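Numbering (this note's numbering), first residue to last: 1 to 318.
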């Protein structure tokens with residue numbers, strides 16, 4: 001299927017609209033801070049293998065709000081002469097193809113330790129080679145990283161994710177929920193980054209229109225999944241001990257993004273805009289040597305009951 005048939009411009013229009021809708025909703029929820037908007041263009045002079053040679057994007061970052069300590073919502077549409085290693089590691093047959101990649105990626109770090117951090121991403125990649133059909137695929141998803149989780153929030157998060165997937169088949173949510181659990185897993189810590197959600201990649205098997213519909217269903221469901229949790233928890237009282245635990249757990253976010261995250265690796269390996277790539281990192285974080293939670297504490301409950309793959313929707317019937 002060729003690049004014209006995959007309707008890159010339609011995907012781009014949708015992604016820009018999604019970015020705008022999410023930023024407007026986050027500003028409204030915060031009630032104080034506003035996004036700084038940076039438009040950027042990639043210098044086409046870099047022709048090294050695997051590098052971005054053209055395109056640009058729009059980075060939006062909100063800092064030091066009443067509710068959100070930092071929120072980054074980025075759009076990019078870039079191209080290059082050869083796919084970087086991070087994109088061909090599992091698909092070596094795509095090596096040597098030129099590419100276009102476009103997507104929206106966001107990470108939100110709240111002030112209150114009782115409000116979870118969250119991440120979402122939706123993207124399209126088209127790989128081309130002279131004399132051969134273009135190869136394209138959609139990817140994305142979202143996941144939730146609470147510090148003081150509330151079971152009803154986690155269940156609602158997964159219910160919303162399941163509802164977004166259901167029109168595409170009963171098997172879609174379990175498949176992409178399981179992929180999320182496996183992907184957002186810190187092997188060196190033997191724990192998940194949070195309570196999961198959805199993750200999908202290399203999606204082309206349904207044909208362009210249905211795959212694009214699914215991308216939109218996931219992207220459009222993000223605010224329905226996240227904002228109700230923010231609204232319920234943002235006024236919860238918190239103390240410095242809880243804040244310190246939040247900063248400590250943010251360290252796991254840094255570890256994952258710098259060691260495992262495909263989007264970060266793709267951006268850095270392809271010579272993308274560094275400030276936009278690393279906006280996912282929290283503004284404040286701390287490490288503590290060999291930390292252990294106090295027995296019977298809320299911190300122990302997080303580590304014991306939430307940082308592992310689990311059938312969250314099955315919990316409802318117990």
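All C-beta atoms in this analysis are idealised placements derived from N, C-alpha and C, irrespective of residue type, glycine included. Given the structure is predicted, the values throughout are model-derived calculations rather than measurements.
Could you spell out the range, first to last residue, of the beta strand (DSSP E) harbouring residue 137? 132 to 145
Just to confirm, is the Cβ distance from residue 59 to residue 80 under 8 Å? No, the pair does not count as a contact, with Cβ atoms beyond the cut-off.
Looking at the strands, I want to know which residues DSSP matches up with residue 38. 59
Measure the C-alpha to C-alpha separation of residue 23 and residue 64 and round it to an integer number of angstroms. The C-alpha of residue 64 is placed about 15 Å away from the C-alpha of residue 23.
Restricting to Cα atoms, I'd like to know which of 152, 137, 278, 203 is closest to residue 229. 152
Using the Cβ count rule (16 or more neighbours within 10 Å means buried), how would you classify residue 18? Result: buried.
Where residue 294 sits in the DSSP three-state scheme: coil
When burial is assigned at 16 or more other CB atoms within 10 Å of the CB, is residue 318 buried or exposed? Model confidence at residue 318 stands at a pLDDT of 42, short of 50, so the residue's coordinates are unreliable and nothing is read from them.
Please state the DSSP three-state secondary structure of residue 310. Three-state result, residue 310: coil.
Local conformation of residue 318 per DSSP, three classes: Low local confidence applies: a pLDDT of 42 at residue 318 is under 50, so the model's placement there is unreliable, and no value is given.
In its own chain, which residues sit with a C-beta less than 8 Å from the C-beta of residue 223, not counting the 5 before and 5 after it? 21, 22, 25
Hey, would you say residue 238 sits closer than 8 Å to residue 109, going by beta carbons? no
Buried/exposed call for residue 130, threshold 16 Cβ in 10 Å: exposed
Nearest-angstrom Cα distance between residue 312 and residue 213? 26 Å
Of the choices 193, 104, 61, whose alpha-carbon is the least far from that of residue 36? Nearest C-alpha to residue 36: 61.
Could you tell me the distance, in whole angstroms, from the CA atom of residue 205 to the CA atom of residue 314? Each residue's alpha carbon lies about 29 Å from the other.
Determine the direct distance from the alpha carbon of residue 75 to that of residue 260, and round the result to whole angstroms. 21 Å
Can you pull the DSSP bridge partners for residue 334? Because the chain here runs from 1 to 318, residue 334 falls outside it and cannot be looked at.
The alpha helix (DSSP H) spanning residue 153 covers which residue range? 151 to 165
Take the Cβ of residue 298 as the centre, count every other Cβ of all protein chains shown within 10 Å, and call the residue buried at 16 or more, exposed below. exposed
Evaluate contact between the stretch 194 to 203 and the stretch 122 to 142, counting only Cβ atoms and requiring at least three cross-stretch pairs below 8 Å. yes
What's the call for residue 15, buried or exposed, on a 16-neighbour Cβ count within 10 Å? buried
Can you have a look at residue 9 and say buried or exposed, based on whether 16 or more other CB atoms are within 10 angstroms of its CB? exposed
List the whole-angstrom C-beta distance separating residue 119 from residue 104, where the pair is believed to meet the contact cut-off of C-beta under 8 Å. 12 Å between Cβ atoms; not a contact.
So what does residue 77 bridge to, in DSSP terms? 56, 102
Who are residue 191's beta bridge partners in DSSP? The beta-bridge partner set that DSSP reports for residue 191 consists of 186.
For residue 41, count neighbouring Cβ atoms within 10 angstroms of its own Cβ and tell me buried if that reaches 16, exposed if not. exposed
Residues bridged to residue 125 [DSSP beta-bridge criterion]: 101, 137
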